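In the numbering used here, the protein residues as written are 713 to 1722.
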């Protein structure tokens, strides 16, 4: 009986792994009981009391294990059974012979010593494995959270798509009913009603709570859904249309493009994103998902007559509703989504439907000081630009009816952003992410793009007024924060942060407007507390780091702010596991910040000790156990142990040059990318597993994001986005320019266009497949481009008077010419294709005769007479007269075959013009506001049907007028998207699409007339 008791108590400590004290007390009790009985037996009462204490202690041990280890009771019992069996084998003793009492105590004391040592050993073993098991449980919890987020995002995207289809069907049905039952004027009114209905639907769809909307789907709606899905799957791509920019890439022939035009038009239709209507009708309605949180201007006032409101309503046709119009205004910054009533008030607040210019009530009954016509019999008006009077003669047909007080209505059609070409990787970091919906999010200019690579579609968030500089995705993968730099006009253009929903594109909050003194360069949501706070670092001299409770209405609540560094700050990141822990990196520093419960920030600088201290710490990520991994400008990698500010591991010269990015992978390990163009794959133990090379013409690796499965998304320093992995080659999915974009020309016959800029890249694009056909570095900056009337060659104007001719199919240089020593500013072929005019910065126009050989030109002469550089050129429809504008706002006319100026206004004032490139003429009087400088308008263009006139300015805006805009301050629709001066606008040959080139923002935006 004594031996059985010793074996039982000796086995218990092994099961406890930390309860050695209690087991020792039980063992002493057992030994004392044995001594008292003399013979080794125990009384029934003592034995019962002993077993009760052991049973109680066993339950305490189970509870203790369940709390710390978070394991199941079944696992605990299995481990206890195994350990008890082992301890019994180790502690079993031969039955002692009958003898004195002291002979029995010796083996019992030895057993006690063995049990105590064994329990201590088991305790240390359990402690050693505890940390790893807790980390493993944390990782599993994070994985489950990611799965839930993915499911929520997918469901939200499905509901959004279904709502769009349902709204499209209802709006189309209502519009058809109105058109069938009313007269022409009633039909127009019906369209306005349908528009208001669509806006209401858009506001509902834009709510943050997706479950609050009830959806009603008929059999027809579901049938349309299925058919649209099938068409997307099998009819939305142009085969072979996506080509790389490698030298071996060949362009598609004109014949192929013609055969696939119908199929590609369907791709264009569906590529507008599911927030847009699926109807091709211009009266189709789509919700407005991206309202800007700006304050509305003052209402027009009661002085505006009812007749004038009726005129504006008739001219407008329908309310603004597309997600890509960009000039949405909210009643308050805190509630940008607004309501249907406030939506209508926004329209009237900005001269109705985003119409630019002063109110018509102010215009009526008075002439304008910048446009003068002294007498009604005068055949000319004086247009004042920058204080300089320009005499513009009126066409004879306009003499009897022309009235300066007459209001030119805005067009009854609008523009909708169809596609955004380009990416900002040259000078921005951490701006490429994959969302659970399958879209990747990035930005260029003032546009945040959500691109679905599988469906080849884009959606656009247009709440910003200037360059977007930073981007962060919330841990729930639904919300996005984007920061911008300061803009041109008003409080709305101050640096600020916008929080918005990536599914509905609804703005949730505007943070820090007026609080930041520089662009928002770095953003990060907290991760250990489900993203309740946001960290931001601006580009002020002190690089202020500020912490925000972004969920507070009316602009959020600033928790704290402090000076971060006098030098450049590259990134800010919240620790994924430790609440309140923030890391910043940059020039000469890595800092570990702690945010306490009182909102105070405490800073600890990273200590490099004996390791090489870099000039810049350039990249950061986290391991699954919470360690910090950084890369630096010397190509080294460093691991900082969790909770410390010292280096635990250091790898030298991993890259040849700076490490620009480190991407932690979902299943462990990470990928690094550097200036050397290498992508390196490491496991958690920092063992190199694989590598991949990015071709040099794409640029260095700027950012890496993990896509689906093993797919990687790579943003480069030459503004490209690549897709691939470590087993297959990398394929470009987004390409763009890398420096100021100066020139743009559209193909006269097919849906292609060509661009050129300071980066020396001449690029031919396809507007149906939204891809680069080919790209060529010509070795010098490009200031002007023009495609010939036959569409077979591209003429490129360069510096120092040089201009070149390239084959549009083979991109081969065919010929080079030189005229003067200055930049060739503009190029224009005559309508009959026989003449080519070149406007130079040396104030002269050079005229050439085209020959039967496409690249052979014969010089006719040189037109001189301007006192400033040539800015724009137009040909008359009969190719007999050339019109030119200059930098000092002159408008002159020329006989191109004689290269002589035409001074008789009677010969030119009634001419019809093949193009409308000149910004100073009778047909463009209305595009000049009173306070505009002459250099503020950079480009104008008219469609082939002569319905619309588009104007591009220095403030990143595109304005759509009714052609001709001959009345002073004609009403227009204004659109944002570019963040820099818009250098060129051109209609495509079909008149349904418009292209605009940004200058410093390097983007090309494709608009659709709707």
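Ideal placement from N, C-alpha and C gives every residue a C-beta, glycine not left out. Here the structure is a predicted model, which means the values were calculated and not measured.
Cβ-based burial, residue i [other Cβ within 10 Å; buried from 16]
i	result
residue 1686	buried
residue 1554	buried
residue 1100	exposed
residue 1310	exposed
residue 967	Low confidence applies here, because residue 967 scores a pLDDT of 37, under 50, leaving its location unreliable; read the following figure in that light. Flag for residue 967 reads exposed.
residue 1041	Confidence at residue 1041 is low in this model, with a pLDDT of 34, below 50, so its placement is unreliable and the value that follows should be read with caution. Label assigned to residue 1041: buried.
residue 834	buried
residue 1723	Because residue 1723 is not part of the residues shown, which for the chain are 713 to 1722, the question remains open.
residue 1275	exposed
residue 1059	Unreliable placement is indicated for residue 1059, whose pLDDT of 30 sits below 50; no coordinate value is reported for it.
residue 1401	exposed
residue 1533	exposed
residue 1312	exposed
residue 1266	exposed
residue 830	buried
residue 1421	exposed
residue 1186	buried
residue 1378	exposed
residue 1172	buried
residue 685	The structure shown does not extend to residue 685, since the chain spans only 713 to 1722, so no value can be given for it.
Selected residue, minimal CA-CA separation from residue i, among the options
i	options	result
residue 1278	1250, 1680, 1123	1250
residue 1368	1411, 1388, 1356	1388
residue 1301	1328, 1241, 1322, 1309	1328
residue 1523	1545, 1487, 1547, 1532	1487
residue 1151	1191, 1667, 1163, 1144	1163
residue 1347	1374, 1293, 1340	1374
residue 1429	1370, 1381, 1421	1370
residue 1361	1396, 1379, 1494	1396
residue 1097	1677, 1638, 1684	1638
residue 1122	1718, 1613, 1299, 1661	1661
residue 1243	1205, 1287, 1623	1287
residue 1724	1578, 1570, 1607, 1572	For the chain, the structure presents residues 713 to 1722; residue 1724 sits outside this window and is missing.
residue 1447	1521, 1485, 1421, 1366	1485
residue 1503	1235, 1457, 1272	1457
residue 1102	1125, 1634, 1629, 1652	1634
residue 1290	1324, 1476, 1334, 1516	1334
Test item: CB-CB of residue i and residue j under 9 Å
i	j	result
residue 1406	residue 1434	yes
residue 1518	residue 1490	yes
residue 1665	residue 1693	yes
residue 1136	residue 1713	yes
residue 1284	residue 1257	yes
residue 1230	residue 1454	no
residue 1331	residue 1317	no
residue 1551	residue 1561	no
residue 1110	residue 1683	no
residue 1582	residue 1566	no
residue 1691	residue 1179	yes
residue 1668	residue 1218	no
residue 1214	residue 1190	yes
residue 1382	residue 1393	yes
residue 1194	residue 1220	no
DSSP bridge partner residues for residue i (one or two, in chain order)
i	result
residue 1504	Answer is none; residue 1504 lacks a bridge partner.
residue 1270	1260
residue 1094	1084, 1103
residue 706	No answer is possible for residue 706: it lies beyond the span of the chain, which begins at 713 and ends at 1722.
residue 1222	1210
residue 1404	1391
residue 1516	1508, 1528
residue 667	The requested residue 667 is not part of the displayed model; the chain covers only 713 to 1722.
residue 1734	The structure shown does not extend to residue 1734, since the chain is modelled only from 713 through 1722, so no value can be given for it.
Any non-hydrogen atom of the ligand FAD closer than 8 Å to residue i Cβ
i	result
residue 1190	Annotation note on the ligand FAD: not contained in the displayed structure, which lists no ligands.
Chain D contact for residue i (CB, 9 Å cutoff)
i	result
residue 1697	Protein chain content of the structure displayed is limited to a single chain, and chain D is not contained in it.
(request) Run through the stretch 1601 to 1648 for me and flag every whole alpha helix (DSSP H) of 4 or more residues, listed as ranges in chain order. (result) none
(message) Just to confirm the assignment: which complete beta strand (DSSP E) runs, minimum length 3, are found wholly within the stretch 1662 to 1712?
(response) 1670 to 1674, 1685 to 1687, 1694 to 1699, 1705 to 1710
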